[in-house]
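Okay, structure first, notes after.
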Amino acid sequence: MNMPELRQSFNTARAVLAGALALIFPTLAAAAAPQLVDHPRDLDFPQLQFDAPQRSQFRRELSSGVPVYMAVSKEFPLVTIRFAFKGGSYLEADGKEGLAQLTGSLVRQGGTQSLSGRDLDEEFDFLAANVFSSITQTTANAQVNCLTSNLDEAFALFMDMVRTPGFDPERVETFRAQAIEAMKNRNDVPLAIAIRELNALAWGADHFEGKMPTEQSINGCTIDDMRALHARIFNPANLIISVVGDFDESAMTERLEHALAGWTFGSPVPPIPAPSNDIAPGVYHSEKDAPQGQILIAMRGLTRDDPDSVPVLIMNQILGGGGFTSRITNRVRTQEGLAYTAGSTFSNRVDYEGLFLAYAFSKSVTTPLATRLMFEEINRIREEPVTDEELQTVKNQLIETFPRRFESKGGTLITFVNDEMTGRDPNFWHTYRNKIRAVTKDDVLAMAKKHLRPEEMMILVVGKWDEIRRGNTDTEDDPDRIATMDDFFDGRSTMIPEKDPLTLEPR
Amino acid sequence: MTRRTRLFTAAAALTLASGILTPQASAQHVSPEVVMLSNGMKFLLLPRDEEPNIIAAGWLAKVGSADEHPGITGVTHFLEHMMFKGTSQVGTSDAKADAEFRRQLSEVRDRIREAVVEEQYTRYAHGDIDNPWDKSVDTPNIRTLREQLTALEDAHREVIIANEFDQIYTSEGGSGMNAGTGKDFTFYYINIPSNKLELWTWMESGRLLDPSLREFDAERDVVVEERRQNLESSPTGELDERFDSMFWVSSPYAWPVIGWMSDLFSYTEDQVRSYFRTHYQPSNLVGVIVGDFDIAEAKPLIEYYFGRLVDTGVPTPTVMTFEVPLMGALRFEGECDCQPQCEVRYQAVPFGHKDEAALTVLADILNGRTGRLYKSLVEDQKIAQFARAFLDASRHGGYFSFSAGVKGEAMPPELEAAWYEQAALLQDELVSDRELQKVKNQSAADAYRALGSNSSLLFQLAIYECMESWEAINNRPLAIQAVTAQDIQRVARTYLRDDNRAVALYTRRAPDPDAAPVAEITLDDALEGMPADQAAMLRQVIPMQIQGLQAESDVSALESMVNQARQAMANAPDDRKKFMQYMIQEIDKRIAELRAQEAN
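Chains Z and L supply the protein sequences, listed in that same order. Number 331 in the working numbering belongs to position 331 of the first sequence; there are no gaps in the numbering. Number 619 in the working numbering belongs to position 112 of the second sequence; there are no gaps in the numbering.
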């Protein structure tokens, strides 16, 4: 279809449509027929008023002091009750790596005092109840979702499971064996290798974010260890409950009071430890026979509640966090066609500084060029102010998409539970859009200079190093686009040996 | 704005009676308003109150990789990418110059294609090169053309506003804009604030009316990287692709949605435009809007903006070739960096077939923690890490699949044998009432769960409408409830037959020879290719050094030597690599020796 044809059909369609509209919608034709504008910037939209909900609208407390968030929705005869606990894999003792993950699964999978794992599954499945439990790095969760009509039975089983899980020895054995089986696949996916090595380099082998289970550590996790970790985390001292769906508030409060009666409060879990490791700048590479180089560029970032976190968010949206409307994606993907995925993120932590991460996956020969372009964009945003349009686009985006955070009742409660658990200022969401509006181009420049420090960054590359290192010397017709890995850190690099998947020892 | 929910005209709960859940016939009923434009484009409008201020909107083109043919495989997906490039007005600061650049670029691109076909395909056929599209083996003629293309692209960039189509949505609060391409359909979707429905109708009708195919070559490279990232970097990706291709004998499902690599490099703008013209006619499109909006406000916008699309009157071609019976058991064995695993796949039924519900329930009986596969293969026999079954029912055909990954020392053929026992059981004995009721209970509850978000409703309405009719959203849960134990036995006997299956067995590839050399390297191997005087010197010195390793008994010191040597090897000239490998081999031997002593 060439352009003149298009223009033709465009005009014809307009003429035909004007007539059709007048026939079909005689009243609309005058009042509501839109005016065709040349560019969407000329469209006018009605104002949309949105006020962020208040945490206190949803929050109650049981007589024991356990917080409960509730939101009723009668759309479906379904109800979800979620127990969130403080505590996570950061509580694992050295040599017990993997204990939290195993315990988290087995609370659900290991039956109760009176039912085997298999029998409990049978009950839940017949009731069509979806039930799960997990322990992540810093939180634990247990949740039941079922038809309102089955809530009595399903919730009674759920409470047995949460308070007195069975840790059925057969199931424990199955899950240990599965964890070890899964480890055998550790070197199969190039990105999985990259993330593992990044964590080790960024957090250090003595920090819970840098540690990984091994065959030995999984085999060392006993049922007694699981019971102890369960008791430490799954008790009312660490608990926040949320309920969403089709239920009656006062009946639900009564149900929860009854279900928690006599459940002993433990001592609150200790604070989450910060890493002691510093990121050593430089190029690191790990060998993998793969069609692309995985490029991860990282440096220490900032904490969630750092006052800089909002202007840094805007800066990073422009740099590489805003999808197609960001510089790294635009340059590496759209303009140069070097990668399908390329971007950057500030992954903030609540208790210590998180990570800045820029990433791209590109065929071996263009891995160095993609890396160079990412650094060019990092340097550009440190050296020149962003444009008014870039800033305005990102500010509009963050303000206009803000209601999505509260679009579903379930999502709203998860946000509030998480905020309370991590001690976030209850006014945070109410001042959020004003903080966004206040950010200037100077702020963005200052944030980039302060929080992006290329000399402190590590570059991790996973792939076929010989090909990657050499770059596109043989394939590129434009001399300005030729790049090799020797262009970074004076050509010095550190090899990370391949690891045995079960021991994580170099092999 | 006041709104009313159209989602449920009858919402009766499942009732609990003596331990059996009895779903009522009209447990849920989704009833969108259907709007048919005069150009043949159909819209499904479903206001919903539950998620205030948000609309999920999308449109689907009833075109997928099944509509392609060899030579243009993957073009449906490539066109989907190109649909984000904007229009002749959106995405450029100078529409006239932009059009002229695109014309010149197409000319050079076509000349490159012609040259590759004439020069490189011949060299390839003669065995002189491995890949006609590999830039490192370009002929001087092709290299010159590529330089022209690069220079034009760089100049073109001066008048391109990159990703403006995305930027407009982003700036107005659009989120999650994306599209997906499958075997049967291409679907474009986004979430937008409730007050911006006109923006969506402007943008989407705009790109359908007047799509710009700018940045053609860079986007081709993006799709090539997508193939490398999502398919080739996946442990089983390439083997799965070959197995698929073997399984579908006559059906156009035989090639991958993303396309064969050689085809990706070869598309021309004419091919892509002609494909667009043929398959994106309004009568082949379905629009869906779900969320916080009023039908009375939406209708005139849809009529006005999408009404601009012209129906050419030429019927859209449909897939004519249906699948032939396998008439025998096929077998595919391969190696990858993957967990050893097994798939047994049977020809089954397309979407909407009368046996679809029974095959779905059959899979449900097998799946889940209380399903037969987990109990038997994972827990009782302890030979599987995971095991699952599913029915894949597409528009023009379908299959039933069993797959499992090994645990411990088990091998894939054991999984295969265990599956045949399960299949025989389903054929020989009726499933129990309780098993059947359990999966029906779950299916009834899941039918509600599937309606709980705008985007889930959007996807289901659009895809069901493409496959058969949007009314499947209401009818399928009822069909599941009607399945009997006899139905399950019947479909097990009909479809799970030996002459109707293909089996894939994957085993783990042996480690890379660099990491663990297969044959031991001798000192002579290691010194080959070095200057004679240097080799003579090393031939004397090295054996002494190797001898010296015996004095070292600290494993970690030896390991750090290996690491240093590996690094040095990465930086070493080619003729020294073998030598470095030899040294690593000798140090590794000493490490193994020390470890063995430690173990005793």
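In this text, a Cβ means the ideal position worked out from N, Cα and C, and glycines have one as well.
(message) Against chain Z, with Cβ distances strictly below 8 Å, would Cys845 of chain L count as a contact?
(response) yes
(request) Can you tell me which of the three DSSP states Lys464 of chain Z falls into? (result) coil
(message) Quick check on Ala532 of chain L - is its C-beta less than 8 Å from some C-beta in chain Z?
(response) With a pLDDT of only 35 at Ala532 of chain L, under the threshold of 50, the placement of this residue in the model should not be trusted, and no figure is reported.
(message) Let me check understanding here. Comparing Cα to Cα, which of L:Gln1047, L:Val1062, L:Tyr906 and L:Val885 lies closest to Ser756 of chain L?
(response) Going by the sequence as given, residue 756 of chain L is Val instead of Ser. For the residues L:Gln1047, L:Val1062, L:Tyr906 and L:Val885, the minimum Cα distance to Val756 of chain L belongs to L:Tyr906.
(message) Let me confirm a value: Val107 of chain Z is counted as buried when at least 16 other C-beta atoms fall within 10 Å, else exposed. Which label applies?
(response) buried
(message) Does any residue of chain L have a CB that is nearer than 8 Å to the CB of Phe132 of chain Z?
(response) no
(request) Would you check if the distance between the CB atom of Val144 of chain Z and the CB atom of Ala154 of chain Z is smaller than 8 Å? (result) yes
(request) Consult DSSP for Thr164 of chain Z and reduce its assignment to one of helix, strand or coil. (result) coil
(message) Taking the beta strand (DSSP E) that Gly565 of chain L belongs to, which residues open and close that run?
(response) Ile561 to Ala568
(request) Determine the chain Z residues that contact Asn791 of chain L at a beta-carbon separation under 8 Å, and present them in chain order. (result) Within 8 Å Cβ-Cβ: nothing; Asn791 of chain L doesn't reach chain Z, min ~15 Å.
(message) Please state the DSSP three-state secondary structure of Pro822 of chain L.
(response) coil
(request) Please name the residue, chosen from L:Ala855, L:Glu614 and L:Met590, that lies closest to Val831 of chain L on a Cα-to-Cα basis. (result) L:Ala855
(request) Using 10 angstroms around the beta-carbon of Val821 of chain L, count the other beta-carbons present and answer buried if the total reaches 16, otherwise exposed. (result) exposed
(request) Could you work out which residues of chain Z lie near Thr877 of chain L, taking near to mean beta carbons separated by less than 9 Å? (result) Arg118, Asp121, Glu122, Phe124, Asp125 and Phe126
(message) Against chain Z, does Lys861 of chain L count as a neighbour if the rule is that its beta carbon must be under 8 Å from one of theirs?
(response) no
(message) Would you call the region 535 to 546 of chain L in contact with the region 724 to 736 of chain L, where contact means no fewer than 3 C-beta pairs closer than 8 Å?
(response) no
(request) Give the secondary structure of Arg405 of chain Z by DSSP, where H, G and I count as helix, E and B as strand, and everything else as coil. (result) helix
(request) May I have the straight-line CA-CA distance separating Glu420 of chain Z from Val439 of chain Z, to the nearest angstrom? (result) 27 Å
(message) Determine, for Leu943 of chain L, whether the minimum Cβ-Cβ distance to residues of chain Z falls below 8 Å.
(response) no
(request) Quickly, what does DSSP pair Ser286 of chain Z with across the bridge? List them, please. (result) Z:Val462 and Z:Ile496
(message) For Gly104 of chain Z, report the span of its alpha helix (DSSP H) as first-last.
(response) Leu99 to Gln109
(message) Which residues in chain Z have a C-beta closer than 8 Å to the C-beta of Ser960 of chain L? List them in chain order.
(response) Ser408
(request) Determine which residues of the region 964 to 991 of chain L have a Cβ less than 9 Å from any Cβ of chain Z, and write them out in chain order. (result) none
(request) Compare the C-alpha of Gln846 of chain L against each of L:Met1090, L:Arg1015, L:Glu654 and L:Ala1058 and name the closest. (result) L:Arg1015
(request) Put Ala532 of chain L into one of helix, strand or coil per three-state DSSP. (result) Residue confidence for Ala532 of chain L is low, a pLDDT of 35 falling below 50, so the modelled location carries little weight and cannot support an answer.
(message) Strictly below 7 Å CB to CB, what residues from chain Z border Met710 of chain L?
(response) Pro40
(message) Can you look up Lys450 of chain Z in the DSSP assignment and give me helix, strand or coil?
(response) helix
(request) Pick out whichever of L:Lys1084, L:Phe754, L:Arg653 and L:Leu869 has its Cα sitting closest to the Cα of Glu476 of chain Z. (result) L:Arg653
(message) According to DSSP, is Leu28 of chain Z part of a helix, a strand, or is it coil?
(response) Interpretation of Leu28 of chain Z is limited by its pLDDT of 38, a score under 50 that renders its predicted location unreliable; the figure taken from the coordinates is listed afterwards. Reduced to three states, the DSSP call for Leu28 of chain Z is helix.
(request) Report the rounded CA-to-CA distance for Ala573 of chain L versus Val461 of chain Z, giving the unit in angstroms. (result) 37 Å
(message) Run through chain Z and tell me which residues come within less than 7 Å of Glu733 of chain L, C-beta to C-beta.
(response) Tyr340
(message) Could you check whether the Cβ of Trp767 of chain L sits closer than 8 Å to any Cβ belonging to chain Z?
(response) no
(message) So, at 8 Å on beta carbons, what are the nonlocal neighbours of Gly282 of chain Z in its own chain, with the 5 sequence-adjacent residues on each side left out?
(response) Met458, Ile459, Phe489, Arg492, Ser493 and Thr494
(message) Pull the bridge partners of Glu850 of chain L from the DSSP assignment, please.
(response) L:Ser910 and L:Ala1011
(request) In the DSSP assignment, find the beta strand (DSSP E) that holds Ser769 of chain L and state where it starts and stops. (result) Careful: Ser769 of chain L lies outside any beta strand (DSSP E), inside the alpha helix (DSSP H) at Met768 to Leu771.
(request) Report whether the distance from the Cβ of Glu476 of chain Z to the nearest heavy atom of the ligand MN is below 7 Å. (result) As far as ligands go, the structure on display features none, and thus does not contain the ligand MN.
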